[in-house]
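Protein chains: 2
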Amino acid sequence: MKTNGVKLDERDLRIIEILQREGRLSKSELARRVNLSSTPCWERLRHLEDAGIIEGYEARVSLKAFGPLTQVVVTVELESHLPEEFARFEAAVQAHPEIYECDSLGGGIDYVMRVMARDLESYQAFMDRFLGSGLGIRRYFTYVVTKPVKHTPPPVTRIGGSG
Amino acid sequence: MKTNGVKLDERDLRIIEILQREGRLSKSELARRVNLSSTPCWERLRHLEDAGIIEGYEARVSLKAFGPLTQVVVTVELESHLPEEFARFEAAVQAHPEIYECDSLGGGIDYVMRVMARDLESYQAFMDRFLGSGLGIRRYFTYVVTKPVKHTPPPVTRIGGSG
DNA sequence: CCTGAAATCTATAGGTA
DNA sequence: TACCTATAGATTTCAGG
Numbered sequence: 001m002k003t004n005g006v007k008l009d010e011r012d013l014r015i016i017e018i019l020q021r022e023g024r025l026s027k028s029e030l031a032r033r034v035n036l037s038s039t040p041c042w043e044r045l046r047h048l049e050d051a052g053i054i055e056g057y058e059a060r061v062s063l064k065a066f067g068p069l070t071q072v073v074v075t076v077e078l079e080s081h082l083p084e085e086f087a088r089f090e091a092a093v094q095a096h097p098e099i100y101e102c103d104s105l106g107g108g109i110d111y112v113m114r115v116m117a118r119d120l121e122s123y124q125a126f127m128d129r130f131l132g133s134g135l136g137i138r139r140y141f142t143y144v145v146t147k148p149v150k151h152t153p154p155p156v157t158r159i160g161g162s163g
Numbered sequence: 001m002k003t004n005g006v007k008l009d010e011r012d013l014r015i016i017e018i019l020q021r022e023g024r025l026s027k028s029e030l031a032r033r034v035n036l037s038s039t040p041c042w043e044r045l046r047h048l049e050d051a052g053i054i055e056g057y058e059a060r061v062s063l064k065a066f067g068p069l070t071q072v073v074v075t076v077e078l079e080s081h082l083p084e085e086f087a088r089f090e091a092a093v094q095a096h097p098e099i100y101e102c103d104s105l106g107g108g109i110d111y112v113m114r115v116m117a118r119d120l121e122s123y124q125a126f127m128d129r130f131l132g133s134g135l136g137i138r139r140y141f142t143y144v145v146t147k148p149v150k151h152t153p154p155p156v157t158r159i160g161g162s163g
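Top to bottom, those sequences are chains P and G. Position one of the first sequence corresponds to residue 1 (full-length UniProt numbering), numbered consecutively onward. Position one of the second sequence corresponds to residue 1 (full-length UniProt numbering), numbered consecutively onward.
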């Protein structure tokens, strides 16, 4: 598989797949799983990290354990599509920790975001403040997450590259 | 902070925050960061894991490194809202690795999903197959992700619980 | 890619407040 | 209960082949 000029073989892909699901696996156990001794496995992993292919590691926390929590998916359309207006909106997104995911989209919606709030009331209070801060939001729609159905790491090793 | 009967103090929350961003930090360095010696820090971490508060660890990979890749956000409405139909749809979601995130929503849309594909053509080919498999999808909308704006871990330690 | 070994980290035992 | 120090065993990292 080719990835922007860097070549990854089956072992590299296997290392990535394993760490996408077991990010804290020891390097020695990882080496065992890919049938290598620990040094070459370690060198491969270091390469994947240094090349930015593996960007970092995250603990996944149980949202239930922190309940009550309300997760909200929000779609946003801006009044204006000037680059300056996009930049202003995105800066505001960065500034608010309650908004923890946001992507720019093509196809009639400008952005989807995920917002974390204690409950619907505090979500609405947050959005009132957010909208009041003078971003040019034409309209937005609110969808409360009622149940997580599936959350897996992005299947890049199956889908991506030219392999 | 209270979390479903388990009490977490400031140090526990700090441990969680650190590992949400640096999931592979060594336990000894983690102990240093929270001003503890390694034993009590290790016990706290073990408790967080055993209690399911920390569910696991994931390597975060660069989607760019695997390019070309197309990420698509899809909203779905089903024909029928019978529990049986929901279950059938959700089982199909589980069965397709291309769909790597899916949440059930309230408010006019039944589901949002994220689909990973090589390009728009293979996305469309995938959706044609998916729709052809006889799930009762009334309609769906496709939004291509044009730019990731913000992706941080869910801010549970700031927002969640009663603290 | 391997072996081997020093530096570091992990997990546990035993003790103090 | 929550913390400490000490330490054996495991792991990580780096030579050298």
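The beta carbon of each residue, even a glycine, is placed where N, CA and C say it ideally should be.
Measuring alpha carbon to alpha carbon, tell me which of the options ends up nearest residue i.
{"i": "residue 85 of chain P", "options": "P/134, P/118, P/6 and P/95", "result": "P/134"}
{"i": "residue 17 of chain G", "options": "P/152, P/33, P/141 and P/58", "result": "P/58"}
{"i": "residue 202 of chain G", "options": "P/143, P/64 and P/8", "result": "An answer regarding residue 202 of chain G cannot be provided, because it is not within the stretch 1 to 163 covered by chain G."}
{"i": "residue 64 of chain G", "options": "P/71, P/152, P/111 and P/52", "result": "P/52"}
{"i": "residue 71 of chain G", "options": "G/98, G/91, G/48 and G/79", "result": "G/98"}
{"i": "residue 192 of chain G", "options": "G/91, G/137, G/145 and G/107", "result": "With chain G represented from 1 up to 163, any question about residue 192 of chain G goes unanswered, as that position is not in the structure."}
{"i": "residue 108 of chain G", "options": "G/47, G/79, G/60 and G/88", "result": "G/79"}
{"i": "residue 130 of chain P", "options": "P/104, P/76, P/31 and P/32", "result": "P/76"}
{"i": "residue 149 of chain P", "options": "G/29, G/93 and G/45", "result": "G/93"}
{"i": "residue 19 of chain G", "options": "P/56, P/48 and P/49", "result": "P/56"}
{"i": "residue 160 of chain G", "options": "P/123, P/141, P/143 and P/137", "result": "P/123"}
{"i": "residue 151 of chain G", "options": "P/102, P/87, P/89 and P/82", "result": "P/102"}
{"i": "residue 136 of chain G", "options": "G/120, G/87, G/60 and G/126", "result": "G/87"}
{"i": "residue 47 of chain G", "options": "G/82, G/6, G/143 and G/141", "result": "G/6"}
{"i": "residue 141 of chain P", "options": "G/106, G/36 and G/90", "result": "G/106"}
{"i": "residue 61 of chain P", "options": "G/91, G/89 and G/21", "result": "G/21"}
DSSP three-state call for residue i: helix, strand or coil?
{"i": "residue 96 of chain P", "result": "coil"}
{"i": "residue 74 of chain G", "result": "strand"}
{"i": "residue 9 of chain G", "result": "coil"}
{"i": "residue 36 of chain G", "result": "coil"}
{"i": "residue 106 of chain G", "result": "strand"}
{"i": "residue 163 of chain P", "result": "The pLDDT assigned to residue 163 of chain P is 43, lower than 50, so where the model puts this residue is not dependable; a value taken from the coordinates is nonetheless given after this. If DSSP states are grouped into helix, strand and coil, residue 163 of chain P belongs with coil."}
{"i": "residue 131 of chain G", "result": "helix"}
{"i": "residue 47 of chain G", "result": "helix"}
{"i": "residue 83 of chain G", "result": "helix"}
{"i": "residue 24 of chain P", "result": "coil"}
{"i": "residue 30 of chain G", "result": "helix"}
{"i": "residue 19 of chain P", "result": "helix"}
{"i": "residue 120 of chain P", "result": "helix"}
{"i": "residue 14 of chain G", "result": "helix"}
Where do the ends of the beta strand (DSSP E) carrying residue i lie?
{"i": "residue 61 of chain P", "result": "54-61"}
{"i": "residue 142 of chain P", "result": "137-151"}
Residue range of the alpha helix (DSSP H) that residue i falls in?
{"i": "residue 117 of chain G", "result": "No alpha helix (DSSP H) holds residue 117 of chain G; the beta strand (DSSP E) holding it covers 111-117."}
For residue i, which residues does DSSP report across the bridge?
{"i": "residue 101 of chain G", "result": "P/151 and G/114"}
Would you mind stating whether residue i and residue j have Cβ atoms separated by less than 8 Å?
{"i": "residue 69 of chain G", "j": "residue 157 of chain G", "result": "no"}
{"i": "residue 73 of chain P", "j": "residue 139 of chain P", "result": "no"}
{"i": "residue 154 of chain G", "j": "residue 111 of chain P", "result": "no"}
{"i": "residue 34 of chain G", "j": "residue 15 of chain G", "result": "yes"}
{"i": "residue 41 of chain P", "j": "residue 30 of chain P", "result": "yes"}
{"i": "residue 11 of chain P", "j": "residue 32 of chain P", "result": "no"}
{"i": "residue 38 of chain P", "j": "residue 147 of chain G", "result": "no"}
{"i": "residue 23 of chain G", "j": "residue 23 of chain P", "result": "yes"}
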